[in-house]
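Numbered per full-length UniProt numbering, the sequence shown finishes at 362, counting up by one with no gaps.
Note that CB positions come from ideal geometry on N, CA and C, so glycine has one too.
This report refers to the structure that appears directly beneath it.
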Amino acid sequence: MSQKDYNNIEDFLIDDTFQKYCSGENKSCIQYWEQYIVNHPEQLETIQHAKRLYQVLVGNKPAVNERLEHMKARLKEEKNELSIFSWHLSHLFRIAAVLALFGFAYFWYTQFYSKRIEPLDQFVAAQIFETKKGEKKTFDLPDGTTITLNSDSKLELDKDFNDHARHVYLTGEGFFEVKKDKEKPFVVYANDFDISVLGTTFNVKSYPNDGTSEAFLVEGLIEMRSKGINENSMIIKPNQKIILYKNQFIEAKKDPAVKKEALKSNVKEIKIQDFSVDEPAVSSKEIAWKDNRLEIMDQDFESLRHTLERWYDVDIEIKNRNLEDYRFTATFSKENINQVLNALQKVEPFNYEIYGRKITIY
């Protein structure tokens, strides 16, 4: 059977080249399946569902390749030995075998994922919690969940919040300590992804003007679904961080003339970082802002500009575009903006002028 005859999710899942395409471990397989999708657009929806199910099961890691390869070999042997009539029985057996292997993930996918992350067009904000630039606040939601908002952030609660479900929309950055309630799933909608949980602790960062959006899980289990042209669904485990690089950020790096606003919602690349449980100091950097520590980790000047603007409630203009690619790593706590800029000057040479809330860097 050639790939063009693949009709079901299971057909794709037992194909080792498709597995390598999903895991991103083989460039040839990626190129092949990307071209296959172009040639067979009618199968795009089925392929997307198969890819999501693969990622749900293995957490974006090719952990089941050997088992699937072994199963495929067994099924091929049976197919060669059976008649045309019995091939249909073999086909049914193959589907049953694959579903047995993916049973839990498939059940979870259809029950938890497809039903609990509902379309955003059903969201109607009824209550709003927000912070200004240079401000951080902690709020208690009606269900017992605690949310700490970083500066220049907003959390909107759905009008039916805590009736049958708990839906919120986040703009900016927030640290969630979700009250466990199996009957009422907690869903966080953001600009670039949605997150579904039952009860857990995690950090979400999704500022519209930043080049990346992030989610970091402290404890529990969450499912993230990215938005845009190439949607992805994945399970995030404790001490894992997901970084979504936005399309406009990558394209603007290649061509400064690209207008960032035109591509705002497209996700271009997704990266998963695993932090060791033996390195709490590393993980704590992801939520250091809660303790009023500004952690700068290999950040370029352009993205750092937005961070400093929110943190100190200032407006920064970089007149020398060559400075945008300067990279900085530092930690600040009680320093004012002038002290921060002086410290950064010692890492990379630049000049600046301050006029009230307006800062010019050249």
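Do you know how far the Cα of residue j is from the Cα of residue i?
| i | j | result |
| --- | --- | --- |
| residue 176 | residue 192 | 18 Å |
| residue 308 | residue 154 | 18 Å |
| residue 184 | residue 150 | 26 Å |
| residue 218 | residue 204 | 11 Å |
| residue 302 | residue 311 | 15 Å |
| residue 174 | residue 215 | 10 Å |
| residue 44 | residue 22 | 14 Å |
| residue 253 | residue 132 | At residue 253, the pLDDT of 41 sits below 50, so the modelled position is not reliable and the matter cannot be decided from this model. |
| residue 29 | residue 235 | 23 Å |
| residue 170 | residue 221 | 19 Å |
| residue 50 | residue 32 | 16 Å |
| residue 19 | residue 202 | 29 Å |
| residue 359 | residue 347 | 19 Å |
| residue 363 | residue 152 | A question about residue 363 goes unanswered here, because the residues of the chain that appear run from 1 up to 362. |
| residue 48 | residue 37 | 10 Å |
| residue 93 | residue 39 | With a pLDDT of 48 at residue 93, under the threshold of 50, the modelled position of that residue is not reliable, and the figure given next carries that caveat. Straight-line Cα distance between these residues: approximately 29 Å. |
| residue 314 | residue 294 | 15 Å |
| residue 194 | residue 224 | 6 Å |
| residue 196 | residue 237 | 13 Å |
| residue 284 | residue 55 | 27 Å |
| residue 35 | residue 41 | 10 Å |
| residue 306 | residue 275 | 26 Å |
| residue 269 | residue 46 | 21 Å |
| residue 9 | residue 27 | 22 Å |
| residue 17 | residue 288 | 41 Å |
| residue 339 | residue 239 | 32 Å |
| residue 160 | residue 344 | 47 Å |
| residue 15 | residue 182 | 36 Å |
| residue 148 | residue 330 | 23 Å |
Please state if the CB of residue j and the CB of residue i are separated by a distance shorter than 9 Å.
| i | j | result |
| --- | --- | --- |
| residue 328 | residue 299 | yes |
| residue 206 | residue 172 | yes |
| residue 286 | residue 246 | no |
| residue 363 | residue 337 | Lying before the first or after the last residue shown, residue 363 is absent from the chain, which here runs from 1 to 362. |
| residue 167 | residue 187 | yes |
| residue 341 | residue 326 | no |
| residue 158 | residue 190 | no |
| residue 316 | residue 324 | no |
Looking only at its own chain, which residues have a Cβ that is under 6 Å from the Cβ of residue i, when we skip the five neighbours before and after it?
| i | result |
| --- | --- |
| residue 273 | 241 |
| residue 6 | 12 |
| residue 213 | 192, 206 and 244 |
| residue 129 | 139 and 155 |
| residue 52 | 233 |
| residue 142 | 162 |
| residue 135 | 151 |
| residue 320 | 362 |
| residue 271 | 243 |
| residue 127 | 157 |
Leaving out five residues on either side along the sequence, give the residues of the same chain with a beta carbon under 7 Å from the beta carbon of residue i.
| i | result |
| --- | --- |
| residue 146 | 138, 140 and 177 |
| residue 304 | 296 and 328 |
| residue 291 | none |
| residue 210 | 303 and 306 |
What does a CB cutoff of less than 8 Å around residue i pick up in its chain, not counting 5 residues either side in sequence?
| i | result |
| --- | --- |
| residue 144 | 179 |
| residue 357 | 313, 314 and 315 |
Legend entry - Minimum length 4: unbroken alpha helix (DSSP H) runs contained in the UniProt domain "Protein FecR C-terminal" (298-361): 301-312 and 337-345
Inset, instruction - Kindly provide the ranges of any beta strand (DSSP E) runs that are 3 or more residues long and lie completely inside the region 176-245, ordered along the chain. - result: Within the region 176-245, the complete beta strand (DSSP E) segments of 3 residues or longer fall at 186-189, 193-197, 201-206, 212-219, 222-226 and 233-236, listed in chain order.
Inset, instruction - Counting only runs of 3+ residues fully inside the region 23-53, write out the beta strand (DSSP E) ranges in chain order. - result: none
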